[in-house]
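Here is the structure we will look at.
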Amino acid sequence: MAIKLKLLIDKEKKRVVLAESDKYFVDTLFSFLTIPIGAIVRLSRKKSNIGCMDALQESVKNLDSQYLPTEAVKEMLLCPRSTWEVRTNDLALNVDTEVTRYYVCTRNCAVSHPLISTVKNVRCPCGRVMDREIVYNPNPVTNGINEGVFVKRTMKFMIGDDLRVGPISTMTCMSLLDKLGVRDRAALEEKSVDVGADEALHILRRLLVSNTPLTDVFLQKPEAVEDAFHALKLSAEDIAIDKNDAGKKMSLKLLISKSKNRVLYAEATEDFLDLLFSFLSFPLGAIVNLLRPGSSIGCLDNLYKSVEDLSGDDNCIISQECRAMLLDPMLALHSGCENQLLPVVEAGPKTFDISKHLPCVYCYSDRHYPSYPCSRSLLLHFINPKLSDAATESGGGFVKGPKIMFMVTDGLDVEPLSFISGISILDRFQVPISDVKERVVSVGQDQALSLLKAALCSRTVLSDVFCRKKVDQSQIKLERDQ
Ligand SMILES: [Zn+2]
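Position in the sequence shown (first residue = 1) + 90 = the working numbering.
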């Protein structure tokens with residue numbers, strides 16, 4: 091379904107001044123805060139251009155399963171889910187159209203092992219893989235889309251080019267025109283556009299790298315938009331200074347080029363990889379929340395702040411639950427990591443009531459086992475795909491340990507440690523062995539936050555965080571292109 095959006099355009103400066111819409115578009119915009127970063131990379135087919143996230147997800151894809159605790163972990167990281175899927179299913183326009191699938195064991199072990207999985211090929215205690223998909227039709231939380239998902243029905247909104255969202259007010263519009271230096275009414279032009287899934291995804295990608303996503307999507311030529319290696323910078327304050335000594339630390343060995351003051355690669359164990367890979371499952375709203383007071387990532391802070399403002403005096407957000415879902419979204423069940431340095435919360439355990447959602451899972455999908463009573467009410471528990479023994483509790487890591495060494499490049503390419511790969515990185519950067527020094531650093535919560543931010547807006551993550559001096563990003567683009 092496409093949503094209509096009315097744009098007010100400054101013809102001379104070729105930019106969108108503001109947009110007007112009903113709640114459907116705003117619901118879609120706000121839903122972006124619930125989407126995990128890895129889902130955006132997947133939806134953009136690894137051309138998201140968000141910092142090093144494309145490379146990180148590619149590394150997960152290429153990592154041999156022998157380094158993972160289970161085969162299912164890969165699927166989990168490549169296709170991270172939002173916790174609030176049931177509600178976002180009600181959106182008039184949902185960018186993340188991939189639905190959660192539910193799998194049980196082909197042997198119908200449910201009575202002896204009442205287990206279910208959202209990831210295919212998780213192993214059942216009977217030894218088989220759970221690969222029978224069952225049909226699940228969740229009851230919509232709201233009574234149809236007319237009620238609105240996040241913002242109240244009947245509201246009309248104005249949206250700035252920088253994605254500040256507010257109720258329509260002519261006063262605000264006037265002052266906005268004044269602020270943008272639009273003096274002449276004749277310079278303004280109205281335009282109606284249709285926003286479909288492609289445009290919505292484009293806005294989602296641009297909002298992470300640009301301050302003018304609406305102009306980028308609706309007025310610029312595609313090639314001008316795609317070029318962007320954007321001017322996002324880590325400021326000096328973003329570079330981690332070890333403020334608190336307490337808390338868990340992990341250590342990391344860096345290989346640094348002395349002359350370039352730049353990290354060539356890091357030697358890391360599974361705990362550091364767990365940290366990096368966990369970024370993929372963080373919803374955007376959780377990232378802003380972690381990087382308070384502001385993430386400075388594109389227009390993300392504006393979108394977040396709009397939800398805060400609209401849930402305040404204006405009371406436009408449907409409920410406190412909706413507010414929390416946008417401003418403090420949890421990680422999906424079992425998407426957390428035992429060794430997590432950052433204070434992110436994973437959704438609590440839930441059960442899947444077969445009788446509630448399905449007429450009968452057995453008769454419906456497996457007529458060979460009619461002996462199971464159809465009327466049985468059965469609660470299935472979700473398996474944690476990271477744990478190998480079909481356990482349902484939280485915990486576990488994404489990468490198998492202990493003591494397996496990996497190398498992580500400055501651009502977050504990850505592979506098992508290899509001397510030959512190390513040498514080829516030295517060649518690529520034209521660094522002689524005599525110019526290389528080793529440094530061991532410790533990574534605590536502050537560094538983890540800096541790494542998260544750098545991973546989202548830089549191509550030289552380790553150098554930015556550990557070498558203090560900002561590397562010239564245009565140089566990196568040249569190196570990547572070569
Ligand atoms: Zn089984």
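We put the CB at the ideal spot given by N, CA and C, even for glycine. From a predicted model like this one, the values you see are computed outputs, not experimental measurements.
Ligand 1 and R222: does any heavy atom of the ligand fall closer than 7 Å to the residue's C-beta? no
My output table needs one value for V219: the three-state DSSP class, helix, strand or coil. strand
What residues in its chain sit with their C-beta under 6 Å from that of K101, if we drop five residues either side in the sequence? A277 and E279
Does ligand 1 have even one heavy atom less than 7 Å from the beta-carbon of H203? yes
Helix, strand or coil for K101? Go by DSSP, reduced to three states. coil
Would you mind giving the Cβ-Cβ distance between L370 and L146, rounded to the nearest angstrom? I have them listed as a contact below 8 Å. 7 Å
Run the proximity test for R529: is its beta-carbon closer than 7 Å to any non-hydrogen atom belonging to ligand 1? no
Please list, in chain order, all residues of the same chain as A92 whose beta carbon is under 7 Å from its beta carbon, the five residues on each side excluded. D284, V285 and G286
Rounded to a whole number of angstroms, what is the C-alpha to C-alpha distance between K298 and M143? In the sequence on display, residue 298 carries Leu and not Lys. Those two C-alpha atoms are separated by around 12 Å.
For D306, which three-state DSSP category applies? helix
So, at 8 Å on beta carbons, what are the nonlocal neighbours of F372 in its own chain, with the 5 sequence-adjacent residues on each side left out? P126, I127, L380, L421, V434 and L542
Alpha carbon to alpha carbon, what distance is there between L309 and A437? 40 Å
Cβ of R197 versus every heavy atom of ligand 1: is any distance shorter than 7 Å? yes
Examine ligand 1 and report whether any of its heavy atoms sits within less than 7 Å of the Cβ of R218. yes
Which whole runs of the beta strand (DSSP E) in the segment 173–216 are 3 residues long or more, in chain order? 192–194
Neighbourhood of T118 by C-beta distance below 8 Å, restricted to the same chain and skipping five residues each side: I93, L181, A182, L183, N184, V185, V285 and A290
Three or more C-beta pairs under 8 Å: does that hold for the segment 103–110 against the segment 347–360? no
Neighbour-count burial assignment, M264, 16 or more Cβ in a 10 Å radius: exposed
Near Q410, what residues of its chain come up, given a Cβ to Cβ distance below 7 Å and the 5 sequence neighbours on each side ignored? none
Across the segment 498–505 and the segment 360–368, are there enough close Cβ pairs to call them in contact, namely three or more that are closer than 8 Å? yes
Can you tell me whether C214 sits near ligand 1, meaning its C-beta is under 7 Å from at least one heavy atom of the ligand? yes
Rounded to whole angstroms, how far is the Cβ of F141 from the Cβ of L546, which I believe are closer than 8 Å? Per the sequence shown, the amino acid found at residue 141 is Gly instead of Phe. So it is a contact: roughly 4 Å between Cβ atoms.
If you drop the 5 nearest sequence neighbours on each side, which residues of the same chain put their C-beta closer than 7 Å to that of L294? F122, I130 and V185
Report the three-state DSSP secondary structure of V107 (helix, strand or coil). strand
In three-state terms, what does DSSP make of M91? coil
Could you check what DSSP says for T244 in three-state terms: helix, strand or coil? coil
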